[in-house]
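Protein chains: 2
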Amino acid sequence: MIKKYSIKELLDKGKFFINKKVLVEGWIRSFRYSIFITLNDGSTIRNLQIILSKKLEKEIQKKITIGSSIQVIGIITESIGKKQSIELQSLEITIYGSVDPSILQKSILQPKRHSFEKLRKQAHLRFRTNIFSCIMRIRHHMAFCIHQYFHENGFFYLHTPIITTSNCEGSGKMFQITTMDLKENSIDYTKDFFKCKTYLSVSGQLEAETAALGLGKVYTFGPVFRAENSNTSRHLSEFWMIEPEIAFFHLEENINLAEDFLKFIIRNVLDKNMEDLLFLNEFLKKWRKKEKEHLLDKLELILKFSFKRISYTEAVKILIQEEKKQNIKFFHPVVWGMDLQSEHEQYLVNKYKIPVIVFDYPSCIKAFYMRINNDGKTVRAMDILFPEIGEVIGGSQREERYEILLQRIKDTNTDKNKLWWYLDTRRFGSVPHSGFGLGFDRLVQFITGMNNIRDVIPFPRTPNNAEF
Amino acid sequence: MIKKYSIKELLDKGKFFINKKVLVEGWIRSFRYSIFITLNDGSTIRNLQIILSKKLEKEIQKKITIGSSIQVIGIITESIGKKQSIELQSLEITIYGSVDPSILQKSILQPKRHSFEKLRKQAHLRFRTNIFSCIMRIRHHMAFCIHQYFHENGFFYLHTPIITTSNCEGSGKMFQITTMDLKENSIDYTKDFFKCKTYLSVSGQLEAETAALGLGKVYTFGPVFRAENSNTSRHLSEFWMIEPEIAFFHLEENINLAEDFLKFIIRNVLDKNMEDLLFLNEFLKKWRKKEKEHLLDKLELILKFSFKRISYTEAVKILIQEEKKQNIKFFHPVVWGMDLQSEHEQYLVNKYKIPVIVFDYPSCIKAFYMRINNDGKTVRAMDILFPEIGEVIGGSQREERYEILLQRIKDTNTDKNKLWWYLDTRRFGSVPHSGFGLGFDRLVQFITGMNNIRDVIPFPRTPNNAEF
Numbered sequence: 001m002i003k004k005y006s007i008k009e010l011l012d013k014g015k016f017f018i019n020k021k022v023l024v025e026g027w028i029r030s031f032r033y034s035i036f037i038t039l040n041d042g043s044t045i046r047n048l049q050i051i052l053s054k055k056l057e058k059e060i061q062k063k064i065t066i067g068s069s070i071q072v073i074g075i076i077t078e079s080i081g082k083k084q085s086i087e088l089q090s091l092e093i094t095i096y097g098s099v100d101p102s103i104l105q106k107s108i109l110q111p112k113r114h115s116f117e118k119l120r121k122q123a124h125l126r127f128r129t130n131i132f133s134c135i136m137r138i139r140h141h142m143a144f145c146i147h148q149y150f151h152e153n154g155f156f157y158l159h160t161p162i163i164t165t166s167n168c169e170g171s172g173k174m175f176q177i178t179t180m181d182l183k184e185n186s187i188d189y190t191k192d193f194f195k196c197k198t199y200l201s202v203s204g205q206l207e208a209e210t211a212a213l214g215l216g217k218v219y220t221f222g223p224v225f226r227a228e229n230s231n232t233s234r235h236l237s238e239f240w241m242i243e244p245e246i247a248f249f250h251l252e253e254n255i256n257l258a259e260d261f262l263k264f265i266i267r268n269v270l271d272k273n274m275e276d277l278l279f280l281n282e283f284l285k286k287w288r289k290k291e292k293e294h295l296l297d298k299l300e301l302i303l304k305f306s307f308k309r310i311s312y313t314e315a316v317k318i319l320i321q322e323e324k325k326q327n328i329k330f331f332h333p334v335v336w337g338m339d340l341q342s343e344h345e346q347y348l349v350n351k352y353k354i355p356v357i358v359f360d361y362p363s364c365i366k367a368f369y370m371r372i373n374n375d376g377k378t379v380r381a382m383d384i385l386f387p388e389i390g391e392v393i394g395g396s397q398r399e400e401r402y403e404i405l406l407q408r409i410k411d412t413n414t415d416k417n418k419l420w421w422y423l424d425t426r427r428f429g430s431v432p433h434s435g436f437g438l439g440f441d442r443l444v445q446f447i448t449g450m451n452n453i454r455d456v457i458p459f460p461r462t463p464n465n466a467e468f
Numbered sequence: 469m470i471k472k473y474s475i476k477e478l479l480d481k482g483k484f485f486i487n488k489k490v491l492v493e494g495w496i497r498s499f500r501y502s503i504f505i506t507l508n509d510g511s512t513i514r515n516l517q518i519i520l521s522k523k524l525e526k527e528i529q530k531k532i533t534i535g536s537s538i539q540v541i542g543i544i545t546e547s548i549g550k551k552q553s554i555e556l557q558s559l560e561i562t563i564y565g566s567v568d569p570s571i572l573q574k575s576i577l578q579p580k581r582h583s584f585e586k587l588r589k590q591a592h593l594r595f596r597t598n599i600f601s602c603i604m605r606i607r608h609h610m611a612f613c614i615h616q617y618f619h620e621n622g623f624f625y626l627h628t629p630i631i632t633t634s635n636c637e638g639s640g641k642m643f644q645i646t647t648m649d650l651k652e653n654s655i656d657y658t659k660d661f662f663k664c665k666t667y668l669s670v671s672g673q674l675e676a677e678t679a680a681l682g683l684g685k686v687y688t689f690g691p692v693f694r695a696e697n698s699n700t701s702r703h704l705s706e707f708w709m710i711e712p713e714i715a716f717f718h719l720e721e722n723i724n725l726a727e728d729f730l731k732f733i734i735r736n737v738l739d740k741n742m743e744d745l746l747f748l749n750e751f752l753k754k755w756r757k758k759e760k761e762h763l764l765d766k767l768e769l770i771l772k773f774s775f776k777r778i779s780y781t782e783a784v785k786i787l788i789q790e791e792k793k794q795n796i797k798f799f800h801p802v803v804w805g806m807d808l809q810s811e812h813e814q815y816l817v818n819k820y821k822i823p824v825i826v827f828d829y830p831s832c833i834k835a836f837y838m839r840i841n842n843d844g845k846t847v848r849a850m851d852i853l854f855p856e857i858g859e860v861i862g863g864s865q866r867e868e869r870y871e872i873l874l875q876r877i878k879d880t881n882t883d884k885n886k887l888w889w890y891l892d893t894r895r896f897g898s899v900p901h902s903g904f905g906l907g908f909d910r911l912v913q914f915i916t917g918m919n920n921i922r923d924v925i926p927f928p929r930t931p932n933n934a935e936f
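Just so you know, the sequences run in chain order A and B.
Residue numbers are given in my numbering: position 216 of the first sequence equals residue 216, and the series is strictly consecutive.
Each number in my numbering corresponds to the 1-based position in the second sequence with 468 added.
(1) Find the nearest neighbour of D455/A within the set R120/A, N229/A, P111/A and L319/A, judged by alpha-carbon distance.
(2) Between I246/A and G435/A, is the Cβ-Cβ spacing less than 8 Å?
(3) Just grab the DSSP bridge partners of E711/B for me.
(4) Where does K821/B sit, in a helix, a strand or coil, going by DSSP?
(5) Please look up how many angstroms separate the CB atoms of V567/B and I534/B, rounded, as I've assumed it's under 8 Å.
(6) Contact criterion: CB-CB distance below 8 Å. Does P244/A meet it with respect to chain B?
(7) Could you round the C-beta distance between T198/A and A934/B to whole angstroms and report it? I think they count as a contact, below 8 Å.
(8) Have a look at the DSSP bridge pairing and note the partners of T38/A.
(9) Quick check: the segment 278-287 of chain A against the segment 127-140 of chain A, are there 3 or more CB pairs under 8 Å?
(10) Cβ of V358/A within 8 Å of Cβ of M338/A?
(11) Taking V444/A as part of the alpha helix (DSSP H), name the residues at either end of that continuous run.
(12) Please name the residues in the segment 141-159 of chain A whose beta-carbon is closer than 9 Å to at least one beta-carbon of chain B, in chain order.
(13) Run through DSSP, which three-state label would R922/B get?
(14) Could you pull the start and end residues of the beta strand (DSSP E) that I463/B belongs to?
(15) Verify the CB distance criterion: does P926/B have a CB-CB separation below 8 Å to chain A?
(16) Less than 8 Å between the C-beta atoms of I86/A and E92/A, yes or no?
(17) Closest Cβ-Cβ distance between L215/A and chain B: below 8 Å?
(18) For a contact defined as C-beta to C-beta under 7 Å, what are the partners of L577/B on chain A?
(19) Strictly under 8 Å for the Cβ-Cβ distance: is E207/A near chain B by that measure?
(20) Specify, as a first and last residue, the run of the beta strand (DSSP E) that A835/B falls within.
(21) Just verifying my parser: in three-state terms, what is the DSSP assignment at I609/B?
(22) List, in order along the chain, the chain A residues whose C-beta lies closer than 7 Å to that of A510/B?
(23) Against G461/A, what residues of chain B qualify as contacts under a CB-to-CB distance less than 7 Å, listed in chain order?
(24) Under three-state DSSP, which class holds M469/B?
(25) Taking the C-alpha atoms as reference points, what is the distance between V847/B and C832/B?
(26) Leaving out five residues before and five after V224/A in sequence, what residues of the same chain have Cβ atoms less than 7 Å from its Cβ?
(27) Strictly by DSSP, which residues pair up with M850/B?
(28) Below 8 Å, can you find three or more Cβ-Cβ pairs linking the segment 425-440 of chain A to the segment 251-268 of chain A?
(29) F775/B: which of L626/B, Y687/B, L730/B and K489/B sits nearest, CA to CA?
(30) Listed in chain order, which residues of the segment 570-594 of chain B have Cβ atoms closer than 7 Å to some Cβ of chain A?
(31) For chain B, check one thing: does any of its Cβ atoms lie closer than 8 Å to the Cβ of A472/A?
(32) Tell me the residue span of the alpha helix (DSSP H) that contains Y890/B.
(33) Listed in chain order, which residues of the segment 57-88 of chain A have Cβ atoms closer than 8 Å to some Cβ of chain B?
(34) On the three-state DSSP scale, how would you describe S434/A?
(35) Going by DSSP in three states, E253/A sits in which element: helix, strand or coil?
(36) Give me the chain A residues within the contact set of I877/B, using Cβ-Cβ distance strictly less than 7 Å, ordered along the chain.
Structure representation (structure tokens):
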């Protein structure tokens, strides 16, 4: 039997294969002079050039159209062309599925530039495009190295529930789940599947805390949901989040971990996905005319320096000063106690030209579970702000003191009864602990340089949009 | 600053640390003779023995109770005891959270045997128990090695949507999602969040197929949902599933992959989790009186032989024969065309004493997307049957021929309009492709030897049960 290889394997090892007989399978990207086929199989952005060594019968030749799927058996030879080091001299060709050129014309597989909107409307086919396959490969490598990072650092992967009865943060609208017939007039939740109102989780953090308070170091990596009607280029109704949670861990350690983690991911993508990055880089330069912003430079810059760390109070002071000094007008005037808006965050990031970590936010704008500082006014929260995408990580040291936590729950009008188990962990050997959340898709967006977050996830879910 | 170590690091390297000053943190498992503390931090099933080197003040001594969390700075010394090679001579102790013994008594942290039912009712605390922490560590290692397996074999990890408009298999009841106020009398889905009826996904397979038909090899690993009212020890309403999907792949290759994959996971757990497995093994022998079934033997047996492969038709023939010959009475008499029941599956597994792969099932009992064989009656489906848990993997070669797939969709009363994108992939370079699904939690159940699947996932979701 002739051994099958992926195009990536063949091109990576190149000359090693010369004169070897191999089998490849893939989809035709181009067919020129009735003799040259370029083939792609998804394993890499690169194509394999195939040379038809004998004249094909007319019937078969007609079926060799762009988009068609074929199997080729042939001999690898050195290529004379400059684009590739090897090519495949075909001996046998099998056609699996031929594409009718008239159908192809209307699809995004037609080899020309298509808008991202059009690509999204044919989401089931966009895995076949250069741009989206690059993004998907990068997404994979990012996800894998995230598991690797935590595994190698002694964390345990935790599957927190998607179906939940509580709203972790009190923030964010939630999707409700039911199995009842909604046509009925009276809705009685005691008759519903879980005998109560249930929702799709917005965060696994509270459950992850209970696990960290036993296993030491844990992390989640799963889907979370927001039912907000946000039709922006940065929001999804369903997205993937990573939430590490560590016992015996203070805010400073949490910040160090987060910075190290982000740099690890970016370094890994630079190590493992260079050909995909280079393709995206060319794409951005050419099609978006973003010549000033070089994707690789942007990523290298993140690795080069320590992130800037400033307290919220300092940040507010700086923003007020700069507003006075430089005559900058913010749409939202800066006052201590307010939540920083995108414009303020971007201003800070632009000022320092590196990611900025803001910590010790006012308690009044943050969630109940964050640890109160001795000043009684601020909490041990931190946000990491990136260029382009803004907040990429939000985290905190958690309030581990039972009485104070209980008071914060009351003060924030959080339903104590639904959180009895969470409170309970503070009575059984409570310890200082911390964690953070990283929006995975948003980081993919940053690394790939995409304008719209819908272009970095296979089948995006947004308001009015769950077709396929 | 004194360096912090996990208890796993200390015990793994043992004598390397002798005479070194270290810092450890964890929860007290026992306190004897006012001098010996055993400490656990979740990193391992093993405890570190701590020797209080000076008499503590009464006030502090009172706080050293079971379950309390402490930090210890001390010097590692060789242990005279037989149970451990090293121990920690304490210099300084800090108590983070002391547990009131009267509270402890009612909790599962009280050091005595508790029923699994009781553990489940305190799911937020069970990460602190030996048995559940073993299971969670094994679960982590399994999940990690699954990502590793696919990554190293050129698969791309794919995040398929959780919120969906279609029911993949036509089988299985689904949870509905809404953001509407269910108290209102008239339910108008055009006013709902996604402008249509949406559900929680039962499988990412159809979406994964579209990705494989571009990227070549992909896999999913995410939560899926079943709204069936099954209160059994093998069913969850929310569970994690792994679904690889491979282009240019026939059923035989799919079966080979599935067998190799299962063996890889089990080999990995035997390599990486021996101490947790040994604990579980002892537990099963002692408390369940399952002396006959040795957990390690059971796992080794899976690795030892090739799985038995028989077609559905052969299987039915064998079952009918054996029924005649051995006077075995099945509750469901065997007839060609019926779905095999648990009793039949278990009979086959017991007969061969190894996992059994049944393939080529009747089309009438399988899903529309499975490839029809030339006999017109059977489809290229396969199930892998394990001892104890039954079906652990179900897979198939997919119908790649447009016209036949369309016919199958009609014949099975599947809604064609909702699957336009799925059908569409068969018009753009369709290829033979295959994949399978593995219920992750059920495999964890098998490997850890647990009777109830609710004891292998942090916060199980089952009918009437979504409290926390």
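Here a beta-carbon is modelled for each residue, glycine too, at the ideal position from N, C-alpha and C.
Based on what the coordinates show:
(1) Out of R120/A, N229/A, P111/A and L319/A, R120/A has the C-alpha closest to the C-alpha of D455/A.
(2) Yes; because the gap between Cβ atoms is below 8 Å, this pair is in contact.
(3) DSSP output for E711/B lists T688/B as bridge partner(s).
(4) In the three-state scheme derived from DSSP, where H, G and I count as helix and E and B as strand, K821/B is classed as coil.
(5) About 7 Å separates the two Cβ atoms, so the contact holds.
(6) Chain B, which has no Cβ nearer than 8 Å to the Cβ of P244/A, makes this no.
(7) That pair is a contact at about 5 Å.
(8) Residue pairing by DSSP places T38/A opposite S30/A and Q49/A in a beta bridge.
(9) A contact is defined here as three or more CB-CB pairs under 8 Å, and the segment 278-287 of chain A meets this definition with respect to the segment 127-140 of chain A.
(10) The answer is no: Cβ separation not under 8 Å.
(11) Membership of V444/A in the alpha helix (DSSP H) is indicated by the continuous run F440 to T448.
(12) So the list reads H141, A143, F144, H147, Q148, F150, H151, G154, F155, F156, Y157, L158 and H159, given in the order they occur along the chain.
(13) Residue state, collapsed to three classes: helix.
(14) Any property of residue 463/B remains undetermined from this structure, which presents chain B solely from 469 to 936.
(15) By the rule that beta-carbons nearer than 8 Å mark a contact, P926/B touches chain A.
(16) Going by C-beta atoms, I86/A is not nearer than 8 Å to E92/A.
(17) Among the residues facing chain B, L215/A is included, as its CB has a counterpart in that chain under 8 Å away.
(18) Scanning chain A for C-beta atoms nearer than 7 Å to the C-beta of L577/B yields F428, reported in chain order.
(19) E207/A counts as touching chain B.
(20) Segment: none, A835/B is in no beta strand (DSSP E) and carries neither H nor E.
(21) It is His, not Ile, that sits at residue 609/B in the sequence shown. The answer is helix: DSSP assigns H609/B an H, G or I state.
(22) Inspection of the sequence shows that residue 510/B is occupied by Gly rather than by Ala. Chain-ordered, the chain A residues with CB closer than 7 Å to the CB of G510/B read G214, L215 and G216.
(23) It should be noted that the sequence gives Arg, not Gly, for residue 461/A. What R461/A touches in chain B: P629 and I631.
(24) If DSSP states are grouped into helix, strand and coil, M469/B belongs with coil.
(25) When rounded, the distance between both Cα atoms is 9 Å.
(26) The residues are S201, V202, S203, F239 and M241.
(27) M850/B is bridged to F827/B and G863/B.
(28) These segments touch.
(29) Nearest to F775/B by alpha-carbon distance, out of L626/B, Y687/B, L730/B and K489/B, is L730/B.
(30) Against chain A - using a Cβ distance shorter than 7 Å - the residues of the segment 570-594 of chain B are I571, S575, L577, H592 and L593.
(31) This structure cannot settle anything about residue 472/A, because the visible part of chain A is limited to 1 through 468.
(32) For Y890/B, the enclosing alpha helix (DSSP H) covers residues W888 to D892.
(33) Answer in chain order: G67, S68, S69 and Q71.
(34) The answer is strand: DSSP assigns S434/A an E or B state.
(35) The answer is helix: DSSP assigns E253/A an H, G or I state.
(36) Those do not exist, as I877/B stays about 15 Å from chain A at its closest Cβ, beyond 7 Å.
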